[in-house]
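Engineer: Below are the structure tokens for one structure; questions will follow.
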């Protein structure tokens, strides 16, 4: 046999090699043939015409589109009662603005400082944010993407509270930690010299500092009076005209919040001892009413016991009923395990609403925006740490509104995601119809009160579906069409297993203590509606979709998949057949109705038992996805099964394939039989290009001891430990997501050491539960022997050597119709297998000739002898026809397996073997696209000539690669660990886009990033939010039309006419001219050392410059023109009305004149 040339294959030739100088002498053609870096492709010495590629770099541009989910770590809440939009600030400096469904805007402070408070300029299309870095920002909301108009950075004082009066919005009051109150002009965003100093606000006899300002509000009765609350319990009623305190009040408990009665004669304070105090302006010496709502009343008439602080209180009046007093906190200390609650006091009735999460803030929604009118509250918006709820106050049982926003993405932590654009249009209504039957009941029957903004479908009309897998085993299907998100259907995969009782983890052979049902990998065929899930406990579930409810048993299979490389003593590879007989591959099959009945006592070696128990009794399955088959990997000789690293299903073939670091399994889910179950090395047979020789037992023992030593180190354990999908930072440095060593993160005991010695290097202990595309930190290799045997140039930098990494993980699987061998003249059914060492193995699938024999005749799986190589672990496959068009994978057209007319079992399946564009004739050749974490290659089949090769990265590695369609063409989209997003043309692999756009600062991004068709992608930006982005220039241009409008022209409701007597005796608010008092001519500007003004880019000029491009300019101009046209229309209407009134007045005056024209004075 000829010597195999490794270097040329592993380095990736960039210059053309002479035709016929194949790198390998056997028929496997491992990377052999001609290699062309571009230009005209050649195969078997026959030149072929270059395919005309339509995609150029002008088709690509990256921008973020929309963010879905609950705002991560919320801190602040605000509501515009006229525009009816809601704003939420977060600890990361983000602001989410929500309106009617579809109106959802995300904006971010550049500083990243936490948002302390938000204030709307009511019905003005602007928002003020106060951040933890003592900066104020004014946001312009009159554009679809809000931008900052002005910023004001305080240098010497820390901001604690802000207040913006209604209607007269030119002035903003800012309270500070020093107890001072500054006044800022909103228009210029500059503070004035006039300032309410703390030492002037309190009495001169007071010797202590009152503390930070915790409340600011103007009196509903008189805008010239400002109520200032200090932390230590001091309350000051400040007269802005006379610049002195009208009254002062003191309380011996700290103040947390203050709320006015609408008449402006009383106000209520909440305190740190759980009390509420009601104050009257006429007698400020002491509160005229003090209550501790949740305090126990003492028998001897003493003051009730203190409770937890009441963090916020709101006092809202009603015209025809008792006022509402709503507050958070204030519970008794003797109930430590009680959940956070919101208390609603209405008259004598006290209702406590317990929450699932701590309360961050709440707001009461009222019928009027005027603070001096009866408030008439109708709802309460409660912002929790991980949820947003709205309570209906108009009904006595206080039901909650059904939330239309997709804020329950994080109901269970997201472990994996999949994104499908341009899927069959009938899927969304079908999924919604089965999902609607499981919706909760008991919601309020009123419409969602946050209904501001405007939204339309835009030009994008193709359906999109996002699938999220979760830690509790649930799977959610979301309608993501037109940059919105709405949940369609929820599937609970854990229902196929028996519930594990507490304390039985060891007896039931569990390998994961927390979240044993976590979804690790998903595979969905939208056309056939076949759905497959791989769980963290080493199982695969195949689901079929049905519109009918069934009650049936769940079929299950058990597979032994364990590598035994270290047990081989004979060095001759010929002693092992290259591909074992089918009889030797079949594991012990259990009953199709349940799992194994093997019971092992604690301390006994576990063997041939699965990690979980499938339900053995008939199970009721509602309409939707119903479990068709459960496949479980079992323990082998006391070793737990390793997690699944790759998964593929094909409905036309009726096969499911999955692999891990031990090997590959292929299962026929139509006949419920296992076709193949073997180690990765056995798949090569004699075609293994590495020709790995078994190691001696002594060598294995030495390495095992060394591995145990390294694994026992706390530092190395910390590096080896896999981060969960909801972790915050990358631990150590990122390496290949596919080069798993399947090792445990636990500290080894003495018993573990003996087990590790028995395992050898090929069988390290099991790793803790991890999500798809798990990262690992490899230990450095320093021995000279390992350096000599290393093939590190064919792997990523995280893999040390073949000798150490004897287990070759299966990292990619792909079913397709292709040429399996060099001399094939027609395509056949194949399974392409990619490994962690960059090897590609093609397996031939021999299916029954007719559909009638499919249920009875066995499917044969055999090696084709073809082995191809790439640098790094293989990530993805694709197939192009001779015209360069993407060939669709074969699939079976969906039919309901439990339909009423399905009595005739002989009804043939309807199979679609090729895409419509290439269904007539695939031609005499095709292109195979293979991408690894280091490079991409395009092979011509059946000649197996490498036509094009592109080394994507040398210093990093790819996290995700997908072959996608864009503008009726096809390209390869890649996401690199260094943050680069790249696209390559197909089949020539020309770079079209390469932008350093998304630094992988979090392992979550690496595990959830995925591309889809039509230039779209997504990733989990936080544990609670999904960020969608586009790499299509066309979508970037049309994005402005697809986004919702936050601001819509709405007339501010008129204030109620309170009558002559109430106005005469002080019942209405008094007008107050702040311009006269605080204008620059009177007040002057403050010192520059107090605060620094920073102009923003939120003006129309800044937005136009940031948008860049004619489309953005035209859009901005159109919006401005629409606003101007609307104002001109309103002006025309008013002018016409005035003209009509003038004409009527002239007519009546003329009639009066004619009537009295000829009369004398005595005739009147």
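Numbering (this note's numbering), first residue to last: 15 to 1178. Beta carbons: idealized from backbone N, C-alpha and C, even for Gly.
For the ligand SAH, is there any heavy atom lying closer than 7 angstroms to the beta carbon of residue 1030?
Structural biologist: In terms of ligand content, the structure shown is empty, and the ligand SAH therefore cannot be addressed.
Engineer: Return the CA-CA distance between residue 381 and residue 638, expressed in angstroms with no decimal places.
Structural biologist: If I take the Cα positions, the gap works out to 43 angstroms.
Engineer: Considering only C-alpha positions, which residue in the set 132, 201 and 556 is nearest to residue 175?
Structural biologist: For residue 175, the nearest C-alpha among the options comes from 132.
Engineer: Tell me the start and end of each unbroken beta strand (DSSP E) in the segment 171–214 that is at least 3 residues and wholly inside, in chain order.
Structural biologist: Whole beta strand (DSSP E) segments, 3+ residues: 173–177, 185–190, 195–199 and 204–210.
Engineer: Are the segment 649–661 and the segment 620–633 in contact at 8 angstroms, needing three or more beta carbon pairs?
Structural biologist: Taking 8 angstroms as the limit for Cβ pairs, the verdict is that the segment 620–633 does touch the segment 649–661.
Engineer: Which partner residues of residue 941 appear in the DSSP bridge assignment?
Structural biologist: DSSP lists 894 and 954 as partners of residue 941.
Engineer: Taking 8 angstroms as the threshold, find out whether the segment 64–72 comes into contact with the segment 987–994 through three or more Cβ pairs.
Structural biologist: The segment 64–72, when compared against the segment 987–994, does not touch it at the 8 angstroms Cβ threshold.
Engineer: Can the beta-carbon of residue 944 be found closer than 8 angstroms to that of residue 697?
Structural biologist: Not closer than 8 angstroms, so no.
Engineer: Can you give me the Cβ contacts of residue 334 inside the same chain, cut-off strictly under 6 angstroms, excluding the 5 residues immediately before and after it?
Structural biologist: Counting only Cβ-Cβ distances below 6 angstroms, and skipping sequence neighbours, we find nothing.
Engineer: Please classify residue 640: does DSSP put it in a helix, a strand, or coil?
Structural biologist: Here residue 640 sits in strand by DSSP.
Engineer: With distance defined between alpha-carbon atoms, name the residue in 685, 370 and 847 nearest to residue 822.
Structural biologist: Ranking the options by Cα distance to residue 822, first place goes to 847.
Engineer: Measuring straight from C-alpha to C-alpha, what distance separates residue 1048 and residue 73?
Structural biologist: Those two C-alpha atoms are separated by around 7 angstroms.
Engineer: In terms of residue numbering, what span does the alpha helix (DSSP H) encompassing residue 1022 cover?
Structural biologist: 1017–1022 is the extent of the alpha helix (DSSP H) around residue 1022.
Engineer: Give me whichever residues DSSP pairs with residue 5 in a beta bridge.
Structural biologist: Any question about residue 5 goes unanswered here, given that the chain covers just 15 to 1178.
Engineer: Pull up the CB-CB distance for residue 541 and residue 629, whole angstroms please, since I reckon it's below 8 angstroms.
Structural biologist: Not quite, the Cβ-Cβ distance comes to about 30 angstroms (not below 8 angstroms), so this is no contact.
Engineer: What residue from 464, 112, 274 and 428 has the CA that sits closest to residue 385's CA?
Structural biologist: Nearest of 464, 112, 274 and 428 to residue 385, Cα basis: 274.
Engineer: Do residue 489 and residue 533 have their beta-carbon atoms positioned less than 8 angstroms apart in this structure?
Structural biologist: Yes, these two residues count as a Cβ contact at 8 angstroms.
Engineer: Please list the terminal residues of the continuous alpha helix (DSSP H) segment that includes residue 441.
Structural biologist: Looking at the DSSP string, the run of the alpha helix (DSSP H) that includes residue 441 is 441–450.
Engineer: Per DSSP, which residues does residue 437 bridge with? Please list them.
Structural biologist: Beta-bridge pairing links residue 437 to no other residue.
Engineer: So, are the CB atoms of residue 857 and residue 878 less than 8 angstroms apart?
Structural biologist: Closer than 8 angstroms, so yes.
Engineer: Could you compute how far the alpha carbon of residue 412 sits from the alpha carbon of residue 406?
Structural biologist: Roughly 5 angstroms between the two C-alpha positions.
Engineer: Run through DSSP, which three-state label would residue 220 get?
Structural biologist: It is coil, neither helix nor strand.
Engineer: Alpha carbon to alpha carbon, how far is residue 434 from residue 101?
Structural biologist: Approximately 30 angstroms, taken between the alpha carbons.
Engineer: Tell me, to the nearest whole angstrom, how far the beta carbon of residue 136 is from that of residue 383; I am working on the premise that it is less than 8 angstroms.
Structural biologist: About 6 angstroms separates the two Cβ atoms, so the contact holds.
Engineer: Select from 393, 1040, 234 and 247 the residue whose C-alpha is nearest the C-alpha of residue 225.
Structural biologist: Of the listed residues, the one whose Cα sits closest to residue 225 is 247.
Engineer: For residue 82, which residues does DSSP report across the bridge?
Structural biologist: BP columns for residue 82 point to 1040.
Engineer: With DSSP as the reference, identify every bridge partner of residue 848, one or two as the case may be.
Structural biologist: DSSP output for residue 848 lists 826 and 854 as bridge partner(s).
Engineer: Where does residue 911 land, buried or exposed, given buried means 16+ other C-beta within 10 angstroms?
Structural biologist: The residue is exposed, with fewer than 16 neighbouring Cβ atoms inside 10 Å.
Engineer: Would you report the Cα separation of residue 89 and residue 1142, rounded to the nearest angstrom?
Structural biologist: Approximately 41 angstroms, taken between the alpha carbons.
Engineer: Which ranges does the alpha helix (DSSP H) cover as unbroken runs of at least 4 residues, wholly within the segment 131–178, from first to last along the chain?
Structural biologist: List check, alpha helix (DSSP H) in window: nothing returned.
Engineer: Rounded to the nearest angstrom, how far is the Cβ of residue 250 from that of residue 197, given a contact under 8 angstroms?
Structural biologist: Wrong, their Cβ atoms sit about 15 angstroms apart, outside the cutoff.
Engineer: Beta-carbon separation of residue 1187 and residue 703 under 8 angstroms?
Structural biologist: It is not possible to answer for residue 1187, since the shown part of the chain is limited to 15 through 1178.
Engineer: Any contact between the segment 267–283 and the segment 328–346? By contact I mean 3 or more CB pairs, one from each, below 8 angstroms.
Structural biologist: Yes, the segment 267–283 is in contact with the segment 328–346.
Engineer: Starting from residue 669, trace the beta strand (DSSP E) in both directions and tell me its first and last residue.
Structural biologist: Segment 669–673, the beta strand (DSSP E) holding residue 669.
Engineer: What number of angstroms, rounded off, separates the C-alpha of residue 491 from the C-alpha of residue 504?
Structural biologist: Distance between the alpha carbons of residue 491 and residue 504 is about 6 angstroms.
Engineer: Do you know offhand how far residue 849's Cα is from residue 635's?
Structural biologist: Looking at the two C-alpha atoms, the distance is approximately 37 angstroms.
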